[in-house]
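Okay, so here's the structure we're looking at.
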Amino acid sequence: MRGMGNAGALKRGMEGMHFRSGRRREALCFTVLCMFCLVAVDSATQGDDYLNEKEGQLAKIADAVQKNDISKCELLKTCASAPCSRNTCFPGKDDVTNYSCMHVSFNKYCNASAPGCSDKYFDYTRSFVRTAINTDFSSTLTTIGTCAQRALDPVFQNVSTPTSLLRIYFGATDGSWRGFPGSDQDVNDPECGVVKYDTRLRPWYRASTSVPRVIAILIDAGQSMNRDILPGQGSGTVLQNAITIVGEFLKALSSGDFVNIIMFDSTKVTPLSPSMVQIQVDPITSLPELDTLTQNLGKQKSGDLPGTSDVVQGIDAALQNFAANYPDAAKIILVFTDGEFASGNISIPVTNLTSSNVKMFVYKIPPINDDNLFIVNTPFASQLCSIGGSFEIISKLSGLSNPILALNSFFTFTANLHAKVSNNSADYSPIYAGYEKIEGNITTVSRPVFGADKTLLGVVGMDIFINNLGSLADSVYAAILSRSVGKGFKSSNLVLTSANCSLQTVLPSAEPCEASVTKIPNGGFCYRTDKSSTIKDLACCRSCAQPLHGSGGTSKSTVIGAAVGGTVGGIFLFLVVWFLIKRWKKTRIITTGGNKDGEYEFKGNNDDPPVQLAGNNNNNRSGL
Numbered sequence: 001m002r003g004m005g006n007a008g009a010l011k012r013g014m015e016g017m018h019f020r021s022g023r024r025r026e027a028l029c030f031t032v033l034c035m036f037c038l039v040a041v042d043s044a045t046q047g048d049d050y051l052n053e054k055e056g057q058l059a060k061i062a063d064a065v066q067k068n069d070i071s072k073c074e075l076l077k078t079c080a081s082a083p084c085s086r087n088t089c090f091p092g093k094d095d096v097t098n099y100s101c102m103h104v105s106f107n108k109y110c111n112a113s114a115p116g117c118s119d120k121y122f123d124y125t126r127s128f129v130r131t132a133i134n135t136d137f138s139s140t141l142t143t144i145g146t147c148a149q150r151a152l153d154p155v156f157q158n159v160s161t162p163t164s165l166l167r168i169y170f171g172a173t174d175g176s177w178r179g180f181p182g183s184d185q186d187v188n189d190p191e192c193g194v195v196k197y198d199t200r201l202r203p204w205y206r207a208s209t210s211v212p213r214v215i216a217i218l219i220d221a222g223q224s225m226n227r228d229i230l231p232g233q234g235s236g237t238v239l240q241n242a243i244t245i246v247g248e249f250l251k252a253l254s255s256g257d258f259v260n261i262i263m264f265d266s267t268k269v270t271p272l273s274p275s276m277v278q279i280q281v282d283p284i285t286s287l288p289e290l291d292t293l294t295q296n297l298g299k300q301k302s303g304d305l306p307g308t309s310d311v312v313q314g315i316d317a318a319l320q321n322f323a324a325n326y327p328d329a330a331k332i333i334l335v336f337t338d339g340e341f342a343s344g345n346i347s348i349p350v351t352n353l354t355s356s357n358v359k360m361f362v363y364k365i366p367p368i369n370d371d372n373l374f375i376v377n378t379p380f381a382s383q384l385c386s387i388g389g390s391f392e393i394i395s396k397l398s399g400l401s402n403p404i405l406a407l408n409s410f411f412t413f414t415a416n417l418h419a420k421v422s423n424n425s426a427d428y429s430p431i432y433a434g435y436e437k438i439e440g441n442i443t444t445v446s447r448p449v450f451g452a453d454k455t456l457l458g459v460v461g462m463d464i465f466i467n468n469l470g471s472l473a474d475s476v477y478a479a480i481l482s483r484s485v486g487k488g489f490k491s492s493n494l495v496l497t498s499a500n501c502s503l504q505t506v507l508p509s510a511e512p513c514e515a516s517v518t519k520i521p522n523g524g525f526c527y528r529t530d531k532s533s534t535i536k537d538l539a540c541c542r543s544c545a546q547p548l549h550g551s552g553g554t555s556k557s558t559v560i561g562a563a564v565g566g567t568v569g570g571i572f573l574f575l576v577v578w579f580l581i582k583r584w585k586k587t588r589i590i591t592t593g594g595n596k597d598g599e600y601e602f603k604g605n606n607d608d609p610p611v612q613l614a615g616n617n618n619n620n621r622s623g624l
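The following block contains the structure:
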């Protein structure tokens, strides 16, 4: 009995030792876990603080764009005596004397002669401008926009300084781009100047001006569409111009959009695709999924049979395309016509359009001998207005030669929807390789800018260089993910009434500012006065053969070291916690006789939807 008592005491003593040992392990594990949590919380706070600072800076730039637009006529008066706007491709004599040499990860212009060159010239005295392929330099509107937004330079200079490279910019609705600090582009580059560049096709611009969309494009193919457009507006027939506009419009859509084109005349409707076509990635020039649509579009001709085109049949066909029901997308109909049908006594399906929450835009391209330029005092006008529709004239002044600008009312509508569902918060692009590739992988924070009348002016953006974040990289990325949640769109939330109606009744003025304003030389742009300097003269600095780290930039090795150090430290701490938890679980099983009720498991919620950044994760083809 005494032996049995000693054995019992020994067993109880061993259990007590196991218990005390387990308690000590629990305490140690809890302490380390708390340390890990504090580090994680502090890191997450740092990421949020960093993004808050950048978003605040971006908001100031957006405010400046809006103020400049309001004061555009006053700014135009001073444009002739103010410094001109510098085109990225057209250097001036001695421009390089104002440049600052900054450290970058890669300078593509110096790489051929000096592999690994990591220094580049930037102009911190002013912004540089890229112009779109269809910019009309003779247009007063182009000059006004150039002169007005030149005033962004003081704001740019307050945000971005030579102490650390930060690229900021404004992309306008006419396709131009104004970026700071100034950076030269090779005049021989295929995308230089007015050859191919268009800011509206960049992923950050799309991200801030769109929501998921289902778009039915109706093109009037009636006999009257074979008439030439008004003299002085351009060349070709109304139908030819409509086809050109639609072809350019397709390039400006976003990944995830659905689109179809439907031709209609007096007797029939002809969809160019049997069903809606979904765009897979942001199109730059063309996409395989759009090939059938674009090829069929190019073959269209006006009908031979006389009679007014039946727009009601066209709308009914569009509604059938929406029948599949897209609850998370805005349903939109675009109509391109000469307006001939609007004079008739027609009745569009108002009830069906309203119940489906469809927004309809009617764009008229005026033909010669048009005796009813606007559709006022017609049944069609009142019906269109009752569903919150829109009617506009596409003319030379409104952008007949700049199709995406001509359809700015469409992009204004979707950009306002985007701002509404995102609560006017900033947008973040997926991580991608920047256009200039100076800092490897980047993400762009952007936001749309509207005029006083809520018309879209463009998008402001700022590049965040991931490689330069060091130990902040993970926390910034986590903060970006958290800010990209909850921006979904529900078509049922969209209510369209006559209050949303917009019917154009006058043509835009060729001189929106005082006609007495002195004509601005070269539209406000600097002339190219340096034709001898090569791009290496303008972009390469220090000894690119043996890259040196500039005082204006962070050392590449320091950045990598910080990033690796932060990452390794985090991984080590995680492994310590994981090891202690495993030991703790094993001890608990032994001391409780294997009862797993005391175990704890940490699992992700499999019901949570995947988190996606704003924009298209498959698109890494373009940055700035």
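First residue of the sequence shown: 1, per full-length UniProt numbering; consecutive thereafter. Even for Gly, the Cβ is constructed at its ideal location relative to N, Cα and C.
Q: Pull up the CB-CB distance for residue 489 and residue 417, whole angstroms please, since I reckon it's below 8 angstroms.
A: The pair is a contact, with the Cβ atoms about 7 angstroms apart (cut-off 8 angstroms).
(Q) In chain order, what are the residue ranges of uninterrupted beta strand (DSSP E) at least 3 long that sit wholly in the stretch 226 to 291? (A) Along the length of the stretch 226 to 291, whole beta strand (DSSP E) runs at least 3 residues long occupy 258 to 264, 269 to 271, reported in chain order.
Q. Which residues in the same chain as residue 314 place their Cβ atom closer than 7 angstroms to its Cβ, once the five residues preceding and following it in sequence are excluded?
A. Around residue 314: 218, 262, 264, 269.
Q) Relative to the C-alpha of residue 183, which residue among 100, 55, 199 is closest? A) The option with the nearest alpha carbon to residue 183 is 100.
(Q) Can you tell me whether residue 618 is buried or exposed? The criterion is at least 16 other CB atoms within 10 Å of its CB, across all chains shown. (A) Caution is warranted here: a pLDDT of 35 is assigned to residue 618, below 50, making its placement in the model unreliable, and no coordinate value can be reported.
Q.
Once the 5 residues before and after residue 89 are set aside, which same chain residues still bring their CB inside 6 angstroms of it?
A. Shown here for residue 89: same chain residues with a beta carbon closer than 6 angstroms to its own, the five before and five after excluded, namely 185, 187, 192, 193 in chain order.
Q | Buried/exposed call for residue 498, threshold 16 Cβ in 10 Å | A | Residue 498 comes out exposed.
Q. From this set, 301, 59, 103, 246, which residue's C-alpha is nearest residue 225's C-alpha?
A. For residue 225, the closest C-alpha among the options 301, 59, 103, 246 is that of 301.
Q: Starting from residue 379, follow the alpha helix (DSSP H) in both directions and report where the run begins and ends.
A: Residue range 379 to 386 is occupied by the alpha helix (DSSP H) that includes residue 379.
Q: Please report how far the alpha carbon of residue 465 lies from the alpha carbon of residue 310, in whole angstroms.
A: When rounded, the distance between both Cα atoms is 54 angstroms.
Q: Have a look at residue 335 and residue 98 and give me their C-alpha separation to the nearest angstrom.
A: Their Cα atoms are separated by approximately 51 angstroms.
Q.
Since residue 173 and residue 408 should fall inside the 8 angstroms C-beta cutoff, what is the C-beta to C-beta distance between them, to a whole number of angstroms?
A. Taking C-beta atoms under 8 angstroms as the contact rule, residue 173 and residue 408 qualify, at a distance of about 5 angstroms.
Q. What number of angstroms, rounded off, separates the C-alpha of residue 439 from the C-alpha of residue 102?
A. So the two alpha carbons sit approximately 11 angstroms from each other.
Q) Using the rule of at least 16 other Cβ atoms within 10 Å of the residue's Cβ for burial, across every protein chain shown, is residue 109 buried or exposed? A) Residue 109 should be labelled buried.
Q.
Quick check: what's the CA-CA separation for residue 448 versus residue 307?
A. Rounded to whole angstroms, residue 448 to residue 307 spans 44 angstroms at the Cα level.
Q. Who are the near neighbours of residue 370 in its chain, counting only those whose CB is closer than 8 angstroms to its CB and skipping five residues on each side?
A. Once the five neighbours on either side are set aside, the close Cβ partners of residue 370 are 230, 338, 339.
Q) Quick one: what does DSSP say residue 153 is sitting in, helix, strand or coil? A) Looking at residue 153 - three-state DSSP - the assignment turns out to be helix.
Q | Segments of 4+ residues assigned as alpha helix (DSSP H) that fall wholly inside the stretch 325 to 389 | A | 350 to 355, 379 to 386, all fully within the stretch 325 to 389.
Q: Look at residue 222 and residue 303 and say whether their C-beta atoms are less than 8 angstroms apart.
A: Cβ distance < 8 angstroms, so residue 222 and residue 303 count as in contact.
Q | Outcome for residue 252 when other beta-carbon atoms lying within 10 angstroms are tallied against a minimum of 16 | A | Around the Cβ of residue 252, a 10 Å sphere holds 16 or more other Cβ atoms; the residue is buried.
(Q) Taking the straight line between their C-alpha atoms, what separation do you get for residue 322 and residue 276? (A) Straight-line Cα distance between these residues: approximately 9 angstroms.
Q | Limits of the beta strand (DSSP E) - the one that residue 214 falls within | A | For residue 214, the enclosing beta strand (DSSP E) covers residues 213 to 220.
**Q.** Separation of residue 446 from residue 32, as counted between CA atoms
**A.** Low per-residue confidence applies at residue 32: pLDDT is 47, beneath 50, and the placement is therefore not dependable, though the value from the model is reported in the following sentence. Cα to Cα, the separation comes out at about 39 angstroms.
Q: Rounded to whole angstroms, what's the CA-CA distance from residue 506 to residue 542? Just pull it up for me.
A: Answer to the nearest angstrom: the Cα atoms are 58 angstroms apart.
Q. The alpha helix (DSSP H) spanning residue 73 covers which residue range?
A. Per DSSP, residue 73 belongs to the alpha helix (DSSP H) from 72 to 77.
**Q.** Residue closest to residue 520, alpha-carbon to alpha-carbon, out of 254, 141, 344
**A.** Nearest of 254, 141, 344 to residue 520, Cα basis: 141.
Q: Check whether the Cβ of residue 177 sits closer than 7 angstroms to any heavy atom of the ligand COA, and report yes or no.
A: Among the components of this structure there are no ligands whatsoever, and the ligand COA is therefore not found.
Q. In the structure shown, what three-state DSSP assignment does residue 493 receive?
A. In this structure, residue 493 counts as helix in the three-state DSSP scheme.
Q) residue 449 by DSSP, collapsed to three states: which one? A) Residue 449 carries a strand assignment under DSSP once its states are collapsed to helix, strand and coil.
Q. By DSSP, does residue 439 sit in helix, in strand, or in coil?
A. Three-state result, residue 439: coil.
Q. Using the C-alpha atoms, what's the distance from residue 45 back to residue 133?
A. Approximately 43 angstroms between the Cα atoms of the pair.
Q. How is residue 502 classed by DSSP in three states: helix, strand or coil?
A. Strand at residue 502.
Q. How many angstroms separate the CA atom of residue 266 from the CA atom of residue 312?
A. Their backbone Cα atoms lie some 10 angstroms apart in a straight line.
**Q.** Alpha-carbon to alpha-carbon, residue 169 and residue 178
**A.** Rounded to the nearest whole angstrom, the CA to CA distance from residue 178 to residue 169 is 5 angstroms.
Q: Less than 8 angstroms between the CB atoms is what I'm expecting for residue 456 and residue 65, so what's the real figure, rounded?
A: Contact flag wrong, Cβ pair sits at about 11 angstroms.
Q. For residue 522, which option in 80, 211, 60 has the closest C-alpha, if you only look at C-alpha atoms?
A. The option with the nearest alpha carbon to residue 522 is 80.
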